[in-house]
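Student:
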Amino acid sequence: MDIKKLRYFLAVVEAGSITAASRRIPIAQPALTRQIRLLEETIGARLFERDRKGVSLTKAGRYLHDHSRRLLAELDGVAKRTQAISDGYSDNLSIGITTIHSCIPGISTLISEFRRRNTAVRLLLETMLSGPQTKAIREGSLDAGILFTEKEEESGLVYTPLASYRMAVIARRQRSLNEVVPVSLSDFAAAPFIRFSRDSTPGSYDRVDNCFQQAGIVPNTIQECHDDITIRSLVAAGMGYAIMPGIMAKGEQDLVAYELDDLDIYSQLVLAFRKGTRLSAVKEFSRMAVDVIGGYR
C-alpha cells in the first residue's frame, strides 16, 4: 500500500471533503481525487460515499481509518529508531509530558537522571495535554507519557500511578474589594467559569461536570480553552475562575489556589504506555518515574 496515498486518505477524512483537504495539503483537487481513486482500486474497496456536502466513510473506509493512523505511527517510529541507530544510539524513546511539568516536583529530575543512566537511548520529549497524549500513545506516535487522568479510560494502555493532586479553584491573587469569589460549587452558577475543553482533558472535564450535576447547577462557563497557559492568563487578567489541580498555581505570582469543601476530587498523575510494548526503555522509564516522582509525594 502506498504510504503517500494513505496520508492523503487521512487528510480527506479529517477535512471532510476532497476540496478542503486539497487546500490543506496542498495539492490540486483533481490530483487528490485521482490519488484517492487509485487507493480504492489498489485495496479493491470503495472508501468514501460522495455527495454535495462532502464525503463520508463507507464501512470499509471506517475500518481503514481505524487502523491507518496506528500503521503510519509505527512506520514513523521505525524511521526514527533507524535514524537513532545511524546516529550511534541503541534505541529511540518518545515521551509525552504534561504541559504543567514545571509545576510538578520530580519531572525535571526524572528526565535528567534517565538520560544520565541511559546514554545509548535518544530521548525525545513532547509537551502535550492529557487528551492528545492518550491519543498519540494509542496510535503509536508516542511510546509513553506523563499525563493526568481520572480513570483508566483506554483498555489498550497501562497506567502507572505517580502522584495525586486535589482539584481547586484557581483565582487571581489581587482581587477588587467588591469581587465575590466562589466559596462553593453553587457559586459557579453566577461566577464566570473558565475551563479546559473536553477533548483536552476528558476525564477531568467529566468529573468536574459530575460535581456540578450533584450540586444541581449549570456552571456559568464563559470560555473553554485547549491549554492551561491560556486559562491561567485569563484568570490572572480577572476574567473569571478555573477549576484545576491546585498545583497549577504553584510559583505563579498572580494566582492563588484554594479548595472547596464540596469539591473533594483529585486528579491522578500517571505514566501511561501501550499494553504489550516490547521497548525495554519504556519499562525502565516507568520504573524510574515511580521512584523519582513518587519520592516527592
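Going by this note's numbering, the first residue of the sequence shown is number 31, and it counts up by one from there.
A virtual CB, placed ideally from N, CA and C, is assigned to each residue, including glycine.
Just so we're clear, the structure is a prediction, and the values are computed from it rather than from any experiment.
Per DSSP, Pro232 forms a beta bridge with which residues?
Tutor: Looking at the DSSP assignment, Pro232 forms no beta bridge with any residue, so it has no partner.
Student: Answer yes or no: do Ala48 and Leu36 have a C-beta to C-beta separation smaller than 8 Å?
Tutor: Looking at the sequence shown, residue 48 is not Ala but Ile. The answer is no: Cβ separation not under 8 Å.
Student: Have a look at Leu293 and Glu314 and give me their C-alpha separation to the nearest angstrom.
Tutor: Looking at the two C-alpha atoms, the distance is approximately 36 Å.
Student: Since Asp81 is in the beta strand (DSSP E), which residue starts that stretch and which ends it?
Tutor: Looking at the DSSP string, the run of the beta strand (DSSP E) that includes Asp81 is 78-81.
Student: Is it true that the CB of Tyr195 sits closer than 8 Å to the CB of Val300?
Tutor: Against a cut-off of 8 Å, the Cβ pair of Tyr195 and Val300 comes out as no contact.
Student: Given Lys9, which residues of its chain have a CB within under 6 Å of its CB, disregarding the five upstream and five downstream residues?
Tutor: The structure shown has nothing for residue 9, since the chain only spans 31 to 327.
Student: Does the segment 140-150 come close enough to the segment 248-260 to have 3 or more Cβ pairs within less than 8 Å?
Tutor: No, they do not touch.
Student: May I have the straight-line CA-CA distance separating Ala267 from Arg76, to the nearest angstrom?
Tutor: Their backbone Cα atoms lie some 52 Å apart in a straight line.
Student: Using 8 Å as the threshold, is the C-beta distance between Gly46 and Gly91 below it?
Tutor: Their beta carbons are not under 8 Å apart, which means Gly46 does not touch Gly91 by this criterion.
Student: What are the boundary residues of the beta strand (DSSP E) that Gln298 is part of?
Tutor: Its beta strand (DSSP E) spans residues 296-304.
Student: Assuming Pro60 is part of the alpha helix (DSSP H), what are its boundary residues?
Tutor: 59-73 is the span of the alpha helix (DSSP H), which, as asked, contains Pro60.
Student: Please name the residue or residues paired with Leu154 in a DSSP beta bridge.
Tutor: For Leu154, which the question treats as bridged, DSSP gives the partners Ser124.
Student: Counting only the same chain and skipping the five closest in sequence on each side, list residues whose C-beta sits under 8 Å from that of Leu105.
Tutor: Excluding positions up to five away in sequence, the list reads Ile33.
Student: Using DSSP with H/G/I as helix, E/B as strand and the rest coil, what is Ala267?
Tutor: Reduced to three states, the DSSP call for Ala267 is coil.
Student: Take Leu172 and list the residues in its own chain whose beta-carbon comes closer than 6 Å to its own, dropping the five residues that flank it on each side.
Tutor: Ser124, Gly126, Ala166.
Student: Check whether the Cβ atoms of Pro222 and Met269 lie closer than 8 Å to each other.
Tutor: Cβ atoms of Pro222 and Met269: closer than 8 Å.
Student: By how many angstroms is the C-alpha of Thr164 removed from the C-alpha of Glu79?
Tutor: Each residue's Cα considered, the two are about 30 Å apart.
Student: Please name the residue, chosen from Ile252, Leu264, Asn240, Glu70, that lies closest to Met31 on a Cα-to-Cα basis.
Tutor: The candidate whose alpha carbon is nearest that of Met31 is Glu70.
Student: What whole-angstrom Cβ distance do Ala302 and Leu177 have, given they're in contact under 8 Å?
Tutor: That belief holds up - the Cβ atoms of Ala302 and Leu177 are roughly 6 Å apart, short of 8 Å.
Student: Between Gly170 and Gly74, is the Cβ-Cβ spacing less than 8 Å?
Tutor: Cβ distance not < 8 Å, so Gly170 and Gly74 don't count as in contact.
Student: Please state if the CB of Ala198 and the CB of Tyr337 are separated by a distance shorter than 8 Å.
Tutor: No answer is possible for residue 337: the residues shown for the chain start at 31 and end at 327.
Student: Which residue from Leu87, Asp81, Ala193, Ser216 puts its Cα closest to that of Ala41?
Tutor: Looking at the Cα atoms, Leu87 is the closest of the given residues.
Student: Going by the DSSP bridge assignment, what does Tyr288 pair with across the sheet?
Tutor: Answer is Val199, bridged to Tyr288.
Student: Taking only the alpha-carbon atoms, compute the straight-line gap between Gln298 and Lys89 and give it to the nearest angstrom.
Tutor: Distance between the alpha carbons of Gln298 and Lys89: 37 Å.
Student: Tell me the DSSP secondary structure of Gly84 in three-state form.
Tutor: Looking at Gly84 - three-state DSSP - the assignment turns out to be strand.
Student: Just how far apart, CA to CA, sit Ser234 and Ala201?
Tutor: Roughly 18 Å between the two C-alpha positions.
Student: For Ser230, count neighbouring C-beta atoms within 10 Å of its own C-beta (all shown protein chains included) and say buried if the count is 16 or more, exposed if not.
Tutor: It counts as buried.
Student: With a threshold of 6 Å on Cβ separation, who are the neighbours of Tyr296 within its own chain once the five nearest residues in sequence on each side are excluded?
Tutor: If we look at Tyr296 and ignore the five residues flanking it on each side, its Cβ neighbours are Ser194, Arg196.
Student: For Thr179, which residues does DSSP report across the bridge?
Tutor: Thr179 pairs with Gln298.
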